[in-house]
Amino acid sequence: MIVVFAITIFVMMVLGGAGFSQLNLYVVIGLTILVPYLLWMRLLVRFDPWTPRARKLVFLAILWGCIPAVLASVFMEAELDGVVTELGEASLGLMVVAPFSEELAKGLFVVLCYIFGRRHLRGPWDGLFMGALVGAGFGFAEDIGYLASAFSDGGVISLIVNYVLREVFTAHAHLVFTACTGLAAGLAARHGLPMGHGLGWIGLGFLAAFALHAVWDTSTAVLPSGDTAIMLFEPIIQGSVYAAIAIAGLRVLRRREDRMLTARLAEYAEAGWFSAEEIASVADPKARRAAVKRTRRMPALRRQAVRFLFAVQTLLALNRQKALMAQNQFDHTEKEDVRLRNLVVSARAMGTD
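The numbering of the sequence shown is our numbering, which starts it at 1227 and goes up by one.
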């Protein structure tokens, strides 16, 4: 991640036309804005603490958001801005071109993940998480440029004001937008849709991301530019509304996933694989939070074993649900059941030593 951070700083300095003398400024800004993005990602993990995810894919999602998506969106915006300017519709640049270019650039990673790494998309939560990672990377890089520009234009006061507005109230924006595209990809993967149909679903997710982004940018564009009070309070109000919608959506999705996990794991419980307490630690919100706290107080080896057990339970439920909904693809095979059951036995043995 240090390499991604360094390359992101370099790219944003080049795009901002900054000299080497401003390196310290960019680094300090980058370090300070890590905090809000890490807090939002921690919130997502708190909603879904047990689902294992490929570290390479997580790394690639963040990398894509920070660098390729930024460069691609800059290129597309430059090309499309020229077109709308020739048409005499310069105002469309902020309201349409920027949201379209940025969501397309970010969403391309989701498409690639769906085409080449669909086995990592076991359901809507996986897709949402992956989209949010890309959005976090993009927002992080974008904010470095905005805050450095704010400091250059207005000094420390301008930097502080913009930091509060962008990082406290609106840091989640790009996470919310691209999560829509990722959510659609996760749903398509769970239903086992043919490739063309799945890409169509992702297209619908992209349209939702574009619409949310366009509404966000349009509300900024239509405000009177001379009214400082409105310009300050608009991102606070809009950011709070989007945050409330996002958290409400996460709660609804989490409840649906918990019901699914309970139903699928109950089938394994009937076969003697799991106890009711073990199922609750995965699928019941209160029991899950208690389990997370409980594992923190355990010795390192036992903590690792218990968390691994919960992760395997989650995988079993997700794979079984995917197999039930996508009868044309049998990711959940008898061989996979045996492999995961062996992992359960191993995890239990480690946790009781």
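Glycine included, each C-beta is placed from N, C-alpha and C at the ideal position.
- For Leu1260, the closest C-alpha among the options His1398, Asp1307 and Ala1298 is that of His1398.
- Contact between Phe1536 and Ala1517 holds: CB atoms are separated by about 7 Å, below the 8 Å threshold.
- DSSP places Gln1248 in no alpha helix (DSSP H); its state is neither H nor E.
- Pairing Arg1279 with Val1237, the inter-Cα distance amounts to about 28 Å.
- Under the DSSP assignment, Ala1324 falls in the alpha helix (DSSP H) whose first and last residues are Ala1324 to Phe1342.
- For Gly1498, there is no enclosing alpha helix (DSSP H), as DSSP marks it with neither H nor E.
- In the displayed model, Asp1484 falls within a helix according to three-state DSSP.
- In the structure shown, His1346 falls within a helical segment according to DSSP collapsed to helix, strand and coil.
- By the beta-carbon neighbour count (other beta carbons within 10 angstroms, threshold 16), Arg1281 is exposed.
- Following the DSSP letters along the chain, one finds Gly1242 in no alpha helix (DSSP H), marked with neither H nor E.
- In the DSSP assignment, Glu1312 falls within the alpha helix (DSSP H) that extends over Pro1294 to Glu1312.
- Taking the Cα of Asp1379 as reference, the smallest distance to any Cα among Ala1474, Ala1472, Gly1242 and Ala1543 is reached at Gly1242.
- Setting aside the 5 residues that flank it on each side, Phe1432 is surrounded in the same chain by Glu1329, Leu1330, Gly1333, Cys1406, Thr1407 and Ala1410, each with a C-beta closer than 8 Å to its C-beta; the list follows chain order.
- Looking only at Asp1510, Gly1381, Gln1547 and Leu1373, the smallest Cα-Cα distance to Leu1391 is reached by Leu1373.
- For Val1402, the enclosing alpha helix (DSSP H) begins and ends at Ala1399 to Arg1416.
- The alpha carbon of Leu1347 has as its nearest neighbour, out of Thr1277, Ile1370 and Val1310, the alpha carbon of Thr1277.
- For Pro1278, the three-state secondary structure derived from DSSP is coil.
- If you draw a straight line from the Cα of Leu1401 to the Cα of Ala1358, it comes to about 4 Å.
- The beta carbon of Leu1289 sits closer than 8 Å to those of Val1230 and Gly1363, all from its chain and outside the five residues before and after it, given in chain order.
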